[in-house]
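In the UniProt record's numbering, the protein residues as written are 1 to 113. The C-beta atom is built at its ideal place from N, Cα and C for all residues, glycine as well. What follows is a set of notes on a single structure, which appears directly below.
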Amino acid sequence: MKSYKENWKKIYQGAKDAGKGDQILIENFGETLSGEYSTEELMEMAIADRVDGIIVQVSDEEAVSTQIDKAEEQNIPVITIRSDAPVSKRVSSVLYRLCKHGTSCSRYLRCRI
1 MKSYKENWKK IYQGAKDAGK GDQILIENFG ETLSGEYSTE ELMEMAIADR
51 VDGIIVQVSD EEAVSTQIDK AEEQNIPVIT IRSDAPVSKR VSSVLYRLCK
101 HGTSCSRYLR CRI
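Quick look at the structure:
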């Protein structure tokens, strides 16, 4: 069974590849930051940076839901992967077929931007 990091790399690469054709930059937000940050903290930074969309795995439904709702209030669409926050304002959740998530998520965000 593949690790979370291996699966995430496939998702990220799929989104990045799909975005290239439309000149959309996909970045692994926080990857180059020094220090450890929670999902909620990374989302807070992404929202403050006014990114165009967020793809996130929910680690703590209550805390992440709060950040998802804040993002949606700023017109930043959020897609959850592998796990969900159904009571949040996320626009979609993708729970299966991890190797194709990146492309699917990128296409959806492109339509929302």
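Outcome for residue i when other beta-carbon atoms lying within 10 angstroms are tallied against a minimum of 16
i	result
serine 38	exposed
glycine 35	exposed
alanine 48	exposed
valine 87	exposed
glycine 21	exposed
Candidates the options, of which the one nearest residue i by Cα
i	options	result
glutamate 27	Asp52, Ala48, Asn7 and Lys5	Asp52
asparagine 7	Arg50, Gln23, Leu33 and Val56	Val56
lysine 89	Arg110, Ile54 and Ala15	Ile54
glutamate 40	Lys16, Ala71, Gly14 and Cys111	Ala71
glutamine 74	Gln23, Ser92, Arg50 and Leu33	Arg50
glutamate 31	Arg110, Lys5 and Asp69	Lys5
For residue i, the three-state DSSP class (helix, strand or coil)
i	result
valine 94	strand
threonine 66	helix
glutamine 13	helix
isoleucine 76	coil
lysine 20	helix
isoleucine 47	helix
Pairwise C-alpha distance: residue j and residue i
i	j	result
cysteine 99	lysine 9	Low confidence applies to cysteine 99: its pLDDT is 47, below 50, so where it sits in the model is not reliable, and the reading given next is rough at best. Straight-line Cα distance between these residues: approximately 9 angstroms.
methionine 43	glutamine 67	6 angstroms
threonine 80	valine 94	6 angstroms
isoleucine 11	leucine 25	14 angstroms
alanine 63	glycine 19	29 angstroms
phenylalanine 29	alanine 46	7 angstroms
proline 77	valine 58	15 angstroms
lysine 16	serine 65	25 angstroms
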